[in-house]
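Heads up, the thing below is written out as structure tokens.
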Ligand code: ADP
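Residue numbers (this note's numbering): 6 to 473.
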């Protein structure tokens with residue numbers, strides 16, 4: 006697998022969780038899997054083993070001084086070390102701005118992954134994730150089309166989020182030493198730019214997204230980000246495989262990051278978690294018997310946080326409380342900050358990336374809000390089910406695939422009033438203690454473990470290789 010993230014070493018969102026869980030899940034099914042990611046500045050070299058010195062990585066005639074390290078994970082996790090490119094403060098950018106040489110950074114990642122396949126890990130399938138690895142299929146179809154090492158090698162491209170496409174000026178093509186013939190609408194050209202995600206979409210042998218609903222949605226203009234036509238053209242090769250949950254990390258029975266453990270048989274620990282969470286956010290103890298809503302999210306337009314701001318005044322009329330954790334767009338951070346300033350007794354906010362706190366919020370809240378504009382898979386709603394925290398979600402993508410009437414509340418239209426109606430229904434149900442508890446328990450019983458998704462990926466690999 007080629008990826009820009011893998012939990013726990015490098016994470017900004019769900020992609021990291023997926024790669025970090027799918028690889029070991031595939032191994033437990035008997036597949037041989039290795040993962041290649043960049044060695045970012047935040048990953049300490051001391052914990053790594055150097056396994057290949059000075060891999061020959063060139064973009065055209067320009068050499069890059071690349072070494073490959075291996076991390077002590079349960080599966081071979083290779084890190085591409087090239088400090089001038091990757092040892093920086095962020096993964097993709099800093100201060101809300103993308104790094105200007107991202108086209109080079111992820112071209113080098115693709116070429117380094119090919120070097121790993123050549124020297125370290127004999128590869129039958131390159132499973133590429135998102136635009137950052139979109140050049141792997143493109144190079145294999147052009148520069149390396151006749152390279153004996155890669156004869157018969159197949160590619161799978163997984164779209165985790167179509168909203169991120171890796172768009173660069175036309176000059177990127179030459180700088181990444183990509184064949185000029187790729188610059189065409191049914192190749193990597195996208196309205197006068199070079200699109201790295203189209204490298205995957207146009208040239209991978211198979212494509213998938215992270216839920217069946219999202220696989221359908223992205224072929225429509227509403228969710229297609231201008232790529233619906235390109236995706237329709239490949240619809241025969243495009244499927245949806247729902248993400249799974251790593252229950253070793255996300256299970257209230259064993260979670261070491263929450264103040265008290267609990268299970269479907271004994272929910273008393275959940276009340277303790279709620280009590281502590283209210284304390285931590287300075288919310289009044291009287292909130293203990295009222296609905297407490299939670300949000301853990303990247304603060305981007307995609308996640309629909311603006312809808313929550315729209316309905317904030319109703320927190321008081323409904324007598325409910327909210328805790329929110331997230332970082333991202335400065336405008337959305339300001340919006341959420343303002344919520345807390347206007348309703349200090351109702352709303353608690355932390356503008357940071359804080360995994361232990363994410364666990365405490367999952368455990369300590371009653372309802373979890375995900376009013377996303379679109380949601381390829383979404384993980385938090387599945388974590389919420391396991392923690393007996395009832396999801397209130399927009400009926401889109403993976404949210405629609407994972408939440409049913411008996412386990413959560415869904416609304417269709419992306420609007421404040423529609424969200425409010427769903428919250429009101431949830432609050433009404435909350436006041437019917439036994440009905441609410443039955444709903445929590447139904448969610449806690451749901452099983453979205455990786456085994457199912459990994460089995461589906463293994464099946465897809467087999468079909469690609471003509472073995473299944
Ligand atoms: P996306 O990949 O679009 O960000 P997902 O729901 O698929 O959304 O995955 C988000 C992952 O990132 C979850 O594991 C979630 O807990 C985590 N996460 C997002 N924001 C934060 C944050 N501010 N602090 C801690 N974890 C976060």
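Idealized CB from N, CA, C, for every residue including glycine. Since the model is a prediction, treat every value here as computed from it, not as a measurement.
Closer than 7 Å: residue 330 CB and nearest the ligand ADP heavy atom: Along the chain shown, one-based indexing puts residue 330 at 325. For the ligand ADP, at least one heavy atom lies less than 7 Å from the Cβ of residue 330.
Proximity of residue 76 and residue 84 at Cβ, strictly below 8 Å: Within the chain shown, residue 76 is the residue found at index 71, counting from 1. Within the chain shown, residue 84 is the residue found at index 79, counting from 1. Yes, Cβ-Cβ distance for residue 76 and residue 84 is below 8 Å.
Any non-hydrogen atom of the ligand ADP closer than 7 Å to residue 478 Cβ: Only positions 6 to 473 of the chain appear in the structure, and residue 478 is not among them; the question remains open.
Contact check, residue 465 vs residue 316, beta carbons under 8 Å: Taking the chain shown and counting its residues from 1, the one referred to as residue 465 is at position 460. Taking the chain shown and counting its residues from 1, the one referred to as residue 316 is at position 311. Not closer than 8 Å, so no.
Cα-Cα separation between residue 154 and residue 408, rounded to whole angstroms: Along the chain shown, one-based indexing puts residue 154 at 149. Along the chain shown, one-based indexing puts residue 408 at 403. Using only the alpha carbons, I get a separation of about 45 Å.
Reduced DSSP category for residue 194 - H, G, I as helix; E, B as strand; rest coil: For this step, residue 194 is matched to residue 189 along the chain shown. Of the three classes helix, strand and coil, the one that applies to residue 194 here is strand, per DSSP.
For residue 131 and residue 290, the rounded distance between their alpha carbons: Here the question's residue 290 lines up with position 285 in the chain shown. Here the question's residue 131 lines up with position 126 in the chain shown. C-alpha separation (whole angstroms): 53 Å.
Between the CA atoms of residue 81 and residue 313 - distance to the nearest angstrom: Here residue 313 refers to the residue found at position 308 when the chain shown is read from its first residue. Here residue 81 refers to the residue found at position 76 when the chain shown is read from its first residue. Rounded to whole angstroms, residue 313 and residue 81 show a C-alpha spacing of 42 Å.
Pair within 8 Å by beta-carbon distance, residue 341 and residue 371: Indexing the chain shown from 1 puts residue 341 at position 336. Indexing the chain shown from 1 puts residue 371 at position 366. No. Outside cutoff.
Exposure of residue 347, with buried meaning 16 or more beta-carbon neighbours within 10 Å: The sequence position of residue 347 within the chain shown is 342, counting from 1. Exposed, because fewer than 16 other Cβ atoms sit within 10 Å of the Cβ of residue 347.
Nearest-angstrom Cα separation, counted from residue 150 out to residue 144: Indexing the chain shown from 1 puts residue 144 at position 139. Indexing the chain shown from 1 puts residue 150 at position 145. Near 8 Å, if we compare the C-alpha coordinates of residue 150 and residue 144.
Beta carbon of residue 381 nearer than 8 Å to that of residue 214: In the chain shown, the residue the question calls residue 381 occupies position 376. In the chain shown, the residue the question calls residue 214 occupies position 209. Closer than 8 Å, so yes.
Heavy atom of the ligand ADP within 7 Å of residue 34 beta-carbon: Residue numbering aside, residue 34 sits at position 29 when the chain shown is read from its first letter. The answer is no for residue 34.
Minimum C-alpha distance to residue 169 - residue among 458, 124, 203: Residue numbering aside, residue 169 sits at position 164 when the chain shown is read from its first letter. Checked all of 458, 124, 203; the closest Cα to residue 169 is 203.
Length of the line joining the Cα atoms of residue 46 and residue 331: Working through the chain shown from its first residue, we reach residue 46 at position 41. Working through the chain shown from its first residue, we reach residue 331 at position 326. If I take the Cα positions, the gap works out to 22 Å.
Under 8 Å between C-beta atoms of residue 159 and residue 175: Here residue 159 refers to the residue found at position 154 when the chain shown is read from its first residue. Here residue 175 refers to the residue found at position 170 when the chain shown is read from its first residue. No; because the gap between Cβ atoms is not below 8 Å, this pair is not in contact.
Start-to-end residues for the alpha helix (DSSP H) that takes in residue 169: Residue mapping note: residue 169 aligns to position 164 of the chain shown, counting from 1. Neither: residue 169 is in no alpha helix (DSSP H) and is coded neither H nor E.
Extent of the continuous beta strand (DSSP E) to which residue 319 belongs: What you label residue 319 is simply residue 314 of the chain shown in a count that begins at 1. From DSSP, residue 319 is part of no beta strand (DSSP E) but of the alpha helix (DSSP H) over 319-322.
Contacts around residue 122, its chain only, beta-carbon distance under 6 Å, and the 5 residues preceding and following it disregarded: The residue labelled residue 122 in the question sits at position 117 within the chain shown. Excluding residues within five positions, the ones whose Cβ falls inside 6 Å are 128.
Under the three-state DSSP convention, the category residue 239 falls into: Counting from 1 along the chain shown, the entry for residue 239 is found at position 234. DSSP places residue 239 in coil when its eight states are reduced to three.
The alpha helix (DSSP H) enclosing residue 364, as first and last residue numbers: Along the chain shown, one-based indexing puts residue 364 at 359. Per DSSP, residue 364 belongs to the alpha helix (DSSP H) from 360-369.
Assigned exposure category for residue 308 - 16 Cβ within 10 Å defines buried: The count along the chain shown starts at 1 and reaches residue 308 at position 303. When all chains shown are included, residue 308 counts as buried.
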